[in-house]
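Take a look at the structure below.
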Amino acid sequence: MARQGGHSVADALDGASTAIRAAGCQTPRLDAEVLLAHVLGVGRERLITERDLQVQGPQVRAMQDAVRRRAVGREPVAYITGSRGFRNLQISVDARALIPRPESELLVESALGLPEGARVLDLCTGSGAVALALKDERPDLHVQGSDISGAALALARENALRLGLDVGWVQADLLDGIPDDFDAVLANPPYVADSERPDLAPEILRHEPAQALFAGPDGMSVIAPLISQLAGRLRPRLIAIELGAGQGERACELARTAGLGGVRLLRDLAGIERVLVAERGAP
Numbered sequence: 045m046a047r048q049g050g051h052s053v054a055d056a057l058d059g060a061s062t063a064i065r066a067a068g069c070q071t072p073r074l075d076a077e078v079l080l081a082h083v084l085g086v087g088r089e090r091l092i093t094e095r096d097l098q099v100q101g102p103q104v105r106a107m108q109d110a111v112r113r114r115a116v117g118r119e120p121v122a123y124i125t126g127s128r129g130f131r132n133l134q135i136s137v138d139a140r141a142l143i144p145r146p147e148s149e150l151l152v153e154s155a156l157g158l159p160e161g162a163r164v165l166d167l168c169t170g171s172g173a174v175a176l177a178l179k180d181e182r183p184d185l186h187v188q189g190s191d192i193s194g195a196a197l198a199l200a201r202e203n204a205l206r207l208g209l210d211v212g213w214v215q216a217d218l219l220d221g222i223p224d225d226f227d228a229v230l231a232n233p234p235y236v237a238d239s240e241r242p243d244l245a246p247e248i249l250r251h252e253p254a255q256a257l258f259a260g261p262d263g264m265s266v267i268a269p270l271i272s273q274l275a276g277r278l279r280p281r282l283i284a285i286e287l288g289a290g291q292g293e294r295a296c297e298l299a300r301t302a303g304l305g306g307v308r309l310l311r312d313l314a315g316i317e318r319v320l321v322a323e324r325g326a327p
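Each residue of the sequence shown is one higher than the one before, counting from 45 in my numbering.
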């Protein structure tokens, strides 16, 4: 993409896609479209419907910078644009927290059927996506998010303020110091095994916070103590914990051994056993 003058949208997308593809990124055309729409301040659909749209002036340099960050630095598109869609919300994201993934929507879905006015804790809240989406869809619920990272909580608070959603936030290491007064506990803890580090995409390994990703040799070093903590609590009737691929059987074994009832697994859209659900009072 030239530094001076303007370009048609088609030319800009072709050039950006070529550079991003050459860097080994998996979705070059989509990445280019999202980045260009962000630079132009328009929806992606307008890149197709408005044939006279041009990339010109400062937009040329902004697009060059965005493509460089994506192709050379392998920075995630969501960090470049500063936003990621999650359920009905646009969540602000940056390197303080993991980028919300579609599979985490299962945590929200697991809690939508709670009784009116129930109290919900979203552990390892990160950007606050799960807590905020749940509050958005069930305004009657009392939702609180917690995280060990003060930086992540600052981002979550910023999202809550921007979205106008009344969610409380607290810094804590899992359930340490948190009272047993929640009807449901949702969690997206770190679950990537240390041995999987070399297999992760550069976007994840270089840019997303390691503290929120890695959990010991088998990826269970946070999930296992969390299940033990939950088993010692009387109040939560619903527990939902996001898991890594292949961890379902082990997590269910831990939950049943700890005395949690109604244990089952929810599969994500890829068919992976993604979320452990336990419901007290269920068979």
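All C-beta atoms, glycine included, are put in the ideal place defined by N, C-alpha and C.
What does the alpha-carbon distance come out to for the pair Asp-58 and Glu-77?
Counting from one through the sequence shown, the residue named residue 58 turns up at place 14. Counting from one through the sequence shown, the residue named residue 77 turns up at place 33. Taking the straight line joining both Cα atoms gives about 10 Å.
Could you work out which residue in Pro-144, Gln-255, Leu-313 and Leu-244 is closest to Ser-193 when comparing CA atoms only?
Sequence index remark: in the sequence shown, residue 193 carries index 149 (1-based). Ranking Pro-144, Gln-255, Leu-313 and Leu-244 by Cα distance to Ser-193 puts Gln-255 first.
From the DSSP output, which residues share a beta bridge with Ser-193?
Here residue 193 is taken as the residue at index 149 of the sequence shown, counted from 1. None, per the DSSP bridge assignment.
Unbroken alpha helix (DSSP H) runs of length 4 or more, entirely within the region 184-259: which are they?
194-207 and 246-251
Excluding five sequence neighbours on each side, which residues of the same chain lie with their C-beta closer than 8 Å to the C-beta of Phe-226?
Looking up residue 226 in the sequence shown gives position 182. Answer for Phe-226: Arg-163, Val-164, Leu-165, Gln-188, Arg-279 and Pro-280, listed in chain order.
Beta-bridge partners of Arg-311, as assigned by DSSP
As a working note, residue 311 is residue 267 in the sequence shown. Partner(s): Glu-317.
Could you please give the first and the last residue of the uninterrupted alpha helix (DSSP H) stretch that includes Glu-153?
Translated into positions along the sequence shown, residue 153 becomes position 109. It spans 149-155 - the alpha helix (DSSP H) in which Glu-153 sits, taken as one unbroken run.
Please name the residue in Pro-234, Cys-296, Arg-241 and Arg-206 whose C-alpha comes closest to that of Arg-143.
Stepping through the sequence shown from its first residue, residue 143 is reached at position 99. Checking the sequence, you will find Ile at residue 143 rather than Arg. Per the Cα distances, Pro-234.
Report yes if the C-beta distance between Asn-203 and Ser-171 is below 8 Å; otherwise report no.
Looking up residue 203 in the sequence shown gives position 159. Looking up residue 171 in the sequence shown gives position 127. Yes, the Cβ-Cβ distance between Asn-203 and Ser-171 is below 8 Å.
Taking the beta carbon of Thr-71 as the centre, do at least 16 other beta carbons fall within 10 Å, making it buried, or is it exposed?
Position 27 of the sequence shown, counting from 1, holds the residue named residue 71. By the neighbour-count rule (16 or more Cβ atoms within 10 Å), Thr-71 is not buried but exposed.
Once the 5 residues before and after Ala-228 are set aside, which same chain residues still bring their CB inside 8 Å of it?
Here the question's residue 228 lines up with position 184 in the sequence shown. If we look at Ala-228 and ignore the five residues flanking it on each side, its Cβ neighbours are Ala-155, Leu-158, Ala-162, Arg-163, Val-164, Leu-165, Pro-280, Arg-281, Leu-282, Ile-283 and Ala-284.
Looking at the secondary structure, which residues open and close the beta strand (DSSP E) in which Asp-166 lies?
Your numbering for residue 166 matches position 122 in the sequence shown. 163-167 is the span of the beta strand (DSSP E), which, as asked, contains Asp-166.
Let me know if Thr-169 comes out buried or exposed under the rule of 16 or more other beta-carbons within 10 Å of its beta-carbon.
Locating residue 169 in the sequence shown gives position 125, where the first residue counts as 1. By the 10 Å Cβ count, Thr-169 comes out buried.
Residue span of the alpha helix (DSSP H) that contains Gln-108, given as start and end
Here residue 108 refers to the residue found at position 64 of the sequence shown. Here the alpha helix (DSSP H) through Gln-108 covers 102-115.
I'd like the list of long-range same chain contacts for Val-319, defined as Cβ closer than 6 Å, with 5 residues on each side in sequence excluded.
As a first step, residue 319 is located in the sequence shown; it is residue number 275 there, counting from the start. Result list for Val-319: Leu-150, Ala-284, Glu-286 and Leu-310, in chain order.
Please classify Arg-114 as buried or exposed, where buried requires at least 16 neighbouring CB atoms within 10 angstroms.
The residue given as residue 114 occupies position 70 in the sequence shown. Arg-114 comes out buried.
Below 7 Å CB to CB, which residues in the same chain sit around Ala-56 once its five sequence neighbours on both sides are set aside?
For the purposes of this step, residue 56 is identified with residue 12 of the sequence shown, where counting begins at 1. Counting only Cβ-Cβ distances below 7 Å, and skipping sequence neighbours, we find Met-45, Leu-80, Val-99 and Met-107.
Using the beta-carbon count (16 or more within 10 Å), is Asp-96 buried or exposed?
Position 52 of the sequence shown, counting from 1, holds the residue named residue 96. Classification for Asp-96: exposed.
Which two residues bound the contiguous beta strand (DSSP E) that contains Gln-134?
Counted from its first residue, the sequence shown places residue 134 at position 90. Bounds of the beta strand (DSSP E) holding Gln-134 are 133-136.
For Arg-88, which three-state DSSP category applies?
The residue labelled residue 88 in the question sits at position 44 within the sequence shown. Helix, per DSSP.
Answer with buried or exposed for Asp-191, where buried requires no fewer than 16 other C-beta atoms within 10 angstroms of its C-beta.
Indexing the sequence shown from 1 puts residue 191 at position 147. Under this definition Asp-191 is a buried residue.
With burial defined as no fewer than 16 other Cβ atoms inside 10 Å of the residue's Cβ, what is the status of Arg-47: buried or exposed?
Stepping through the sequence shown from its first residue, residue 47 is reached at position 3. Note that Arg-47 has pLDDT 41, beneath the 50 cutoff, so the model's placement of it is unreliable and the number below is only indicative. Arg-47 is exposed by the Cβ-count criterion.
Taking the CB atoms as reference points, tell me whether Val-104 and Gly-50 lie closer together than 8 Å.
Indexing the sequence shown from 1 puts residue 104 at position 60. Indexing the sequence shown from 1 puts residue 50 at position 6. Yes, these two residues count as a Cβ contact at 8 Å.
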